[in-house]
Amino acid sequence: MAGEALLGAAFGVLLDRLASEEFINFFRGRMHDESLLKKLEVTLLELNKVLNDAEDRQITDRAVKAWLDELKDAVYQAEDLVDEIATEALRSKVEAEYPRGKQSLQDSVISTFTSFFDRGVNSKLEKMIGMLDHFVKAKDVLGLREVATRKWSQTRLPTTSLVDESCVYGRENDKEEIMKFLEDGKPHGISDKVRHFSYLQHFNSFEKFKGIMEAKCLRTFLPLRHGNDKAFSLLSKKVLDEILSRLTRLRLLSLPLYMIKELPHSIGNLKHLRFLDLSDTRIKELPESICTLYNLETLLLSDCHLLTTLPVGIVKLILLRHLDLSGTNLKKMPMHISRLKDLQQLTVFVVGRCSGLGINELGEFHYLHGTISISGLQNVKSGNDALEAKMSEKKYLEKLALKWDSITEDSQNARDVLEKLEPHTNLKHLEIKNYGGTRFPTWLGDQLFCNMVSLRLENCENCFSLPPLGQLPSLKELTIARMPNITNVGHEFYGESGSLSKPFQSLETLRFEKMLGWVDWCILDAGEFSRLQKLEVEECPELVTSLPRTTFIRELLLKECQGVQLEWRSVSSVEKLEISSFASLKEFPNELATLTNLKELSVEKCPRLYVPEMSNCNMFLESLELVMCESLISLPLGLFPKLRFLDIKDCTNFETLLISDGIELQNPTLLEKLAIVGCKKLKALPEQMHILLSSLRSLKLVDCPEIESFPDGGLPSKIGNLYIRNCKKLVGGRRDWGLQTLPSLTSFVLLGGSEDVLESFPEEGLLPSTLTYLSFGDLPNLKSLNKRGLQLLGSLVCIYIFECPQLQSLPEEGLPTSLIALIFDDCPLLKPRCRREDGEDWHKIAHIPFIKIDEKEVPKYLAFDNFQSYAGLAYTADPSSFDTVEAPQASTYNQRSKALGGSHANPAKKREIEDNSREIGALFAKLNSGDISKNAAEKLVQLCQLLDNGDFSIALQILSASVAADGGGWFGLGCQTAVLCRDAVGNWFLSWLMVGVVAAVFGLRTAVA
């Protein structure tokens, strides 16, 4: 059983720590009573012997189950105490290795704490032994006995959820409680024994987290997100300042994609912390107190773009295994970072100037895995210094970036340095940027690099020829960019002519970007590029050639390379085609109709292009983009009957979008998204578009000053997103829009005023009650918000208002109670009135969880230029869900429970679930992605204990193997089910929760050794 392995593993970890020589020596050195350790060890061994028997009997014996549940809590407490002692041992070791020199106030505080710690250890151990002795005595009363440890195959749950009811007693009440719990859709409190906490991440206020202050034993703090949602979230500053400082037993703290700018100094109180994720936050620097988190194994700071330095003391985190700095703007690294000898992941290394960090320190990292970007290579003095980095010995590295900050004047030194930075042949991905040598090193292109999958050479300005890259047998992706001295791509590019293998035999993607001097491309026609699927040639104005012939190409991009000869018949396999700056292109050729595979077409800067109504149509095109085509006057949609996405941008003479010809009312178009931008002569949208464009879901109109109104009949009923910017005549007729009749409209953005003076907005009846997101701005005459117009928007979740200099106050009646976020920017008269606590309008908005005024950085899903990404926010439109502490989005679980046996489900299925409540978690998991293999199930129980004890690096290694074998879909759903059912059912669900937490962490930020 999962619970058996979980608790048994906890005993194993405790016993291993108690037997550790370093642990015993520290204990002995502090003059503690060593006999107490022996007593604790003996007591744990006694309890461990009967664990298997207790696990078997707990199903039918309530007393045994109660004993086992209490024992679990006691073992957690013992773990915390032993971990506290081990942490103090680690702290003493680190402080001894890194003395501060002069006695400081901090030294005095540490000395006082150490003295206090020493005085309390013996009494804590005695109390713990006494507590465990209670369980030893109780086991004899319960008649628990020692049984042999079983293998997983003997205890694995059956694939059916039906069991022999004759041996199951006393579970009826529990079953009813579970079903009610799943179906009621209400938030639930949090127990003081809860150790794992996950929640739905978006708008997270202080009120939402008040309940976790009672969870003194909390070990995991993990937000969950909707799928691959990358939108930023808001987190109340109080959460960090007042709550996290109290959760001193945390092992895992995950705060990615929150708009937090700094960590409180109290982060240093989390002395048990093993895993800290601050990825995609606004943090500029880390507090020095983070350097006292001596147990920290994983620190994720990826995409913290404002982070420029690391604290000097970070080198004291000697257990650190994973340090992800990708996407940061680090200017320098802490000195002596090589002291972190156990690092397996270091994604960024910045070579310092003069007395700064030398590249030789890289030589001390023998176990680096994954990715590393080495910048500042202009500061490396010689090839011999580069050799000390020992890059050729780092066999676990998969991705390497070598960067000079600028083109160095000493081309010979640059060449020597790059020559000596030769990586191990296991490398899969390589990037070289701003290299100043005149030739590439001899190892680049060597067939020994048989594992290399992708290569990027960028801004190597002094190079006159390319290396023999055609010899790399596994190369799938190649990018060559900004190399102005390359005039000819000839035979040397393909490699040795006598080679038996064809050049670029595995290449799938080939890009040439901004090759301003490139004239000639030698095509061998010898079977090269036989697997090429994507070809991009961009900003190569001097290139005069035909393209390589390949029958597999799927994507073709030709931009600003008008000398390239495009033969339409030769691209019959293309699914996506982008062309730009072809001055000779007057109309779509007849061959366009024969491109049956073409799904996406983008045409840009073709000033002579027009589309006659009698052109041949393409029956398969789904997406069309036309940009800066001055001769384009009209576009007949009938030419593209399967079109779903249409963008027309900056076509200054465009007048008409034709949808009637060839399109009958009974057979409307499939168009879902329409964007028209910068079309100054367009006066009207198509008539009857509410019928002929009935599938339209998104409409964007920008800089179309002549459009006066929407057509008779209004807009299509399925529209969910409407974006209007700088369309003054259209806005002037807003009272006739008829938006209140659109049942699907959830997002509305209005930027720029109208020909009349718009002083109050939104007018009553203008917008539908379904609206959840409203943004308006650049309204210089707006003075007030219309109270009636706003109060009718009962579903509104977020309002974003900006650049309204005359907006004076908020309505006396306040704003809709459904609001969760309110953002003002550049509204100078309103700003003082909305000042927290003492502003005249503060009482009108105090109920809103998040209020941002003149915030320079707005969450991505609130930005008016990216309004469509708001879809993720709409998921949490029900404000009641934000009061949930124990379970994220209870209504979601309500739906899932009904799907598996709720009040409206198949009665037989409901009975099947009720027959064995212990397998509800497994049923949810199986429903999500099917049964799991025996191997993955065995890994499950191992992962549970590794996570709970903070061994994240090992857990993630195991997880990666399991995901590769089984897929990871069931982890997340199992996790969420466990959050709900943890206290009601017991160990099985707790194990699912732990696995789900690891899986979620793995999915968000992979940190696999």
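All the letters of the sequence shown, read from the start, carry residue numbers 0 to 1008 under numbering that gives the first Met the number 0.
By construction, the Cβ of each residue, glycine as well, lies at the ideal position given by its N, Cα and C atoms.
Boundaries of the alpha helix (DSSP H) in which residue 75 is found, first to last residue: 61 to 96
Cα-Cα separation between residue 45 and residue 296, rounded to whole angstroms: Their Cα atoms are separated by approximately 32 Å.
Residues near residue 426 in its chain [Cβ-Cβ closer than 8 Å; skip 5 each side]: 396, 397, 398, 399, 448, 450, 451
Cut-off 6 Å between Cβ atoms - residues of its own chain near residue 658, not counting five sequence neighbours on either side: 636, 685, 691
Under the three-state DSSP convention, the category residue 461 falls into: Here residue 461 sits in coil by DSSP.
Distance, residue 72 Cα to residue 62 Cα: Each residue's alpha carbon lies about 16 Å from the other.
Coil, strand or helix - residue 825 by DSSP: Three-state DSSP puts residue 825 in coil, outside helix and strand.
Beta-carbon spacing of residue 555, residue 534 below 8 Å: yes
For residue 414, the three-state DSSP class (helix, strand or coil): DSSP, reduced to helix, strand and coil, places residue 414 within a helical segment of the structure shown.
Coil, strand or helix - residue 560 by DSSP: coil
Where residue 520 sits in the DSSP three-state scheme: In this structure, residue 520 counts as strand in the three-state DSSP scheme.
Range of the contiguous beta strand (DSSP E) that encloses residue 445: Taken as a continuous stretch (DSSP letters only), residue 445 belongs to no beta strand (DSSP E), as it is neither H nor E.
Distance between residue 94 and residue 353 (C-alpha atoms, nearest Å): 29 Å
Simplified DSSP assignment, three categories, for residue 344: strand
Sequence-distant residues of its chain with Cβ nearer than 8 Å to residue 328 (five each side left out): 304, 305, 306, 307
Where the beta strand (DSSP E) through residue 512 begins and ends: 508 to 512
Exposure of residue 6, with buried meaning 16 or more beta-carbon neighbours within 10 Å: buried
Residue 818 versus residue 797 - alpha carbon distance: 6 Å
Integer Cβ distance of residue 647 from residue 605, believed to fall under 8 Å: That pair is no contact at about 13 Å.
Helix, strand or coil at residue 480 according to DSSP, with G and I counted as helix: Three-state result, residue 480: strand.
Reduced DSSP secondary structure (H/G/I, E/B, other) of residue 846: Correct three-state label for residue 846: coil.
Nonlocal neighbours in the same chain, by C-beta distance under 6 Å from residue 343, ignoring five residues either side: 320, 366, 368, 1008
Assigned exposure category for residue 688 - 16 Cβ within 10 Å defines buried: The Cβ neighbour count for residue 688, taken over all protein chains shown within 10 Å, is at least 16; the residue is labelled buried.
Sequence-distant residues of the same chain with beta carbon closer than 6 Å to residue 762, five excluded per side: 785, 788
Where residue 493 sits in the DSSP three-state scheme: helix
Alpha-carbon spacing of residue 384 relative to residue 421, whole angstroms: 13 Å
Residue 516 versus residue 430 - alpha carbon distance: 22 Å
Length of the line joining the Cα atoms of residue 631 and residue 615: 17 Å
Burial state of residue 613, where buried means 16 or more other Cβ atoms lie within 10 Å: With fewer than 16 other Cβ atoms within 10 Å, it is exposed.
Rounded Cβ spacing between residue 549 and residue 576 (contact assumed at less than 8 Å): Residue 549 to residue 576, Cβ: 15 Å. No contact.
Cα-Cα separation, residue 791 to residue 778: 22 Å
Close beta carbons around residue 710, own chain, < 8 Å, minus the five adjacent residues each side: 683, 684, 685, 686, 687, 688, 689
Nearest candidate by alpha-carbon position, reference residue 127, set 79, 146, 137, 68: 79
Alpha-carbon to alpha-carbon, residue 240 and residue 69: 32 Å
Complete runs of the beta strand (DSSP E) confined to the segment 714 to 749 [at least 3 residues]: 720 to 724
Residue 276: first and last residue of the uninterrupted alpha helix (DSSP H) it sits in: From DSSP, residue 276 is part of no alpha helix (DSSP H) but of the beta strand (DSSP E) over 274 to 276.
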